[in-house]
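Student: One structure coming up, written as structure tokens, with questions to follow.
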Amino acid sequence: MRITTNALLRNYKNNLATTINSLNNSRTHVMTQRSFNSVAEDPFSAARASQLHRKYYSNQDNLSMLKDVQSRQDGQEDALRQVSDIVKTISKEYNVQAMNGTNQTKETRQSYASAIRQFQKSMVLSLNSTYEDTFLFAGTDGSNPPFKLTDNGTLTYRGVDVDAAKGTADYSTLYSYSKENLYVDLGMGLSLDDSNQVVPSSAFNLSLPGIKAIGFGKDEDGVSNNAIVLAGQLADTLEAEEFDPEAYRKLMGKFETLSDGLLNQITELGVKSSFLTTTKDRLENTEISLQEQMESVEGVDMAEAITNYMWNQYAYNAALKVGTSILSPSFIDFMK
Numbered sequence: 020m021r022i023t024t025n026a027l028l029r030n031y032k033n034n035l036a037t038t039i040n041s042l043n044n045s046r047t048h049v050m051t052q053r054s055f056n057s058v059a060e061d062p063f064s065a066a067r068a069s070q071l072h073r074k075y076y077s078n079q080d081n082l083s084m085l086k087d088v089q090s091r092q093d094g095q096e097d098a099l100r101q102v103s104d105i106v107k108t109i110s111k112e113y114n115v116q117a118m119n120g121t122n123q124t125k126e127t128r129q130s131y132a133s134a135i136r137q138f139q140k141s142m143v144l145s146l147n148s149t150y151e152d153t154f155l156f157a158g159t160d161g162s163n164p165p166f167k168l169t170d171n172g173t174l175t176y177r178g179v180d181v182d183a184a185k186g187t188a189d190y191s192t193l194y195s196y197s198k199e200n201l202y203v204d205l206g207m208g209l210s211l212d213d214s215n216q217v218v219p220s221s222a223f224n225l226s227l228p229g230i231k232a233i234g235f236g237k238d239e240d241g242v243s244n245n246a247i248v249l250a251g252q253l254a255d256t257l258e259a260e261e262f263d264p265e266a267y268r269k270l271m272g273k274f275e276t277l278s279d280g281l282l283n284q285i286t287e288l289g290v291k292s293s294f295l296t297t298t299k300d301r302l303e304n305t306e307i308s309l310q311e312q313m314e315s316v317e318g319v320d321m322a323e324a325i326t327n328y329m330w331n332q333y334a335y336n337a338a339l340k341v342g343t344s345i346l347s348p349s350f351i352d353f354m355k
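Per the working numbering, residue 20 is the first one in the sequence shown, and the count goes up by one each step.
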């Protein structure tokens, strides 16, 4: 069989191109530390890697949302603790002292009343606190301050008087506000029921309506269930021309009861915070697991990759040396 120079050169160029391609692929694997760099190289692994990446980024979104929810809930807890501390201060410092006979002068009671009214305003400010331009205790209407205390002592929540009597439209509105939910997906399998409503167990409720925390309406004796309004009534009693110790004692007793309600809300927030911490640990463990799975699918054994690269580099150098012998002088070179 006759082998021409052209055939020899053609075969050499094809083999050299194959060697260069192998060298380039092995070099790419070493530089990228990936076992494949295109779907065509390994379709099955590429499909699996795509699924893992979707899960990973979804988990990252859940982690980011959870951290945001934690910060928001920390703000809620701090604000409620401020209100609770104010309520405790009023109960401790302005209960026994105001009832003490030596302190029942008009001027002394007036100073107590002024202090309580300042505390009253402080409670409103705490419950109107924000997180990233969102009012923490406004329920589903986070763009507007929920509480407003008028000069005559009337407190409104989202425009509704918190002292609304039972059976009225305003009371029903306040009740519906107190039951508002604001669900977020934290990777618990968010799902909807037959009524297209979020299943509570599949999402996290970050809503805490301020009206639920501070109370609304009146009891059977006509005494306000709201701690802020009640503080104002304590101040009114102290400022009266004729101080009524019995009425003040009754209001203060109710005030201390509302203090227990605030503590219950803070405890509930603490339970939710513990749940968020547990969920965060789970999501972080999931992140590590997904990273390991992606590494096993996409990653390359560096020792093997470097060995292949060195071998292909050696093969390429050898191919270049073979080329020098192929391109040795031919019959044409000896023609005169």
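Where is the CB? At the ideal position from N, CA and C, for every residue including glycine.
Could you give the DSSP three-state label for S69: helix, strand or coil?
Tutor: helix
Student: Should G335 and I39 be called a contact, given that it needs their Cβ atoms to be closer than 9 Å?
Tutor: Strictly speaking, residue 335 in this sequence is Tyr, with Gly absent from that position. Yes, Cβ-Cβ distance for Y335 and I39 is below 9 Å.
Student: Which of the three DSSP states is assigned to T159 in this structure?
Tutor: coil
Student: Assign M321 to one of two classes, buried (16 or more other C-beta atoms within 10 Å of its C-beta) or exposed (fewer than that).
Tutor: Burial is judged here by how many other beta carbons sit within 10 angstroms of a residue's own beta carbon; M321 has fewer than 16 and is exposed.
Student: Comparing alpha-carbon positions, which option in N244, D263, F294 and D255 lies nearest K273?
Tutor: The shortest C-alpha separation from K273 is found at N244.
Student: Report yes if the C-beta distance between Q129 and L257 is below 9 Å; otherwise report no.
Tutor: yes
Student: Identify which residue in L227, H72, N43 and S145 has its Cα closest to the Cα of S103.
Tutor: S145
Student: Let me know if L253 comes out buried or exposed under the rule of 16 or more other beta-carbons within 10 Å of its beta-carbon.
Tutor: buried
Student: Can you find the residues in the same chain that come closer than 7 Å, C-beta to C-beta, to D97, ignoring five residues on each side of it along the sequence?
Tutor: none
Student: Roughly how many angstroms lie between the CA atoms of D204 and N224, to the nearest whole one?
Tutor: 9 Å
Student: Are three or more beta carbon pairs between the stretch 301-318 and the stretch 69-79 nearer than 8 Å?
Tutor: yes
Student: Assuming L211 is part of the beta strand (DSSP E), what are its boundary residues?
Tutor: Premise fails: L211 is in no beta strand (DSSP E) and is neither H nor E.
Student: Whose C-alpha, out of Y75, G172, I230 and N30, is nearest the C-alpha of S308?
Tutor: Y75
Student: Go through the stretch 227-259 residue by residue and report every complete run of the alpha helix (DSSP H) that reaches 4 residues or more, in order.
Tutor: Runs of the alpha helix (DSSP H) spanning 4 or more residues and lying entirely within the stretch 227-259 occur at 229-233 and 246-258, in chain order.
Student: Within 10 Å of its beta-carbon, does K106 have 16 or more other beta-carbons around it, so buried, or fewer, so exposed?
Tutor: At residue 106 the sequence reads Val, which differs from the Lys that was named. The residue is buried, with at least 16 neighbouring Cβ atoms inside 10 Å.
Student: Whole angstroms is fine: what's the gap from E265's alpha carbon to V242's?
Tutor: 14 Å
Student: Which residue or residues does DSSP assign as beta-bridge partners of I327?
Tutor: Correcting the residue identity first, residue 327 is Asn in this sequence and not Ile. Paired residues: none, contrary to the question.
Student: Would you report the Cα separation of A59 and A65, rounded to the nearest angstrom?
Tutor: 9 Å
Student: How big is the Cα-Cα spacing for I325 and G206?
Tutor: 40 Å
Student: First and last residue of the beta strand (DSSP E) that includes L309?
Tutor: Where L309 is concerned, there is no enclosing beta strand (DSSP E), although the alpha helix (DSSP H) it sits in stretches over P264 to E317.
Student: Determine the contact status of L281 and I247, defining contact as a CB-CB distance below 9 Å.
Tutor: no
Student: Is D204 helix, strand or coil when you go by DSSP?
Tutor: coil
Student: Using alpha carbons as the reference points, say which of P165, T298, N200 and D182 lies closest to G172.
Tutor: D182
Student: Between E261 and E287, what straight-line distance do the alpha-carbon atoms span, to the nearest angstrom?
Tutor: Per the coordinates, the alpha-carbon of E261 lies some 41 Å from the alpha-carbon of E287.
Student: Kindly indicate the opening and closing residues of the alpha helix (DSSP H) around R131.
Tutor: The question names Arg, but residue 131 in the sequence shown is Tyr. It spans K125 to L146 - the alpha helix (DSSP H) in which Y131 sits, taken as one unbroken run.
Student: Nearest to T159 by CA position, among L249, T276 and K198, is which residue?
Tutor: K198
Student: When we look at the beta-carbon of M329 and count the other beta-carbons within 10 Å, is it buried (16 or more) or exposed?
Tutor: exposed
Student: Following the continuous alpha helix (DSSP H) through Y196, name the residue where it begins and the one where it ends.
Tutor: Boundaries of the alpha helix (DSSP H) harbouring Y196: A188 to S197, taken from the DSSP string.
Student: So, is S195 buried or exposed, given that buried needs 16 or more other C-beta atoms within 10 angstroms?
Tutor: exposed
Student: For R53, write down the residues that DSSP places opposite it in a beta bridge.
Tutor: G318
Student: Leaving out five residues on either side along the sequence, give the residues of the same chain with a beta carbon under 8 Å from the beta carbon of S141.
Tutor: Here the set comprises Q101 and I105.
Student: Return the bridge partner residues of N81 from the DSSP annotation.
Tutor: The partner list for N81 (beta bridge, DSSP) is empty, contrary to what the question assumes.
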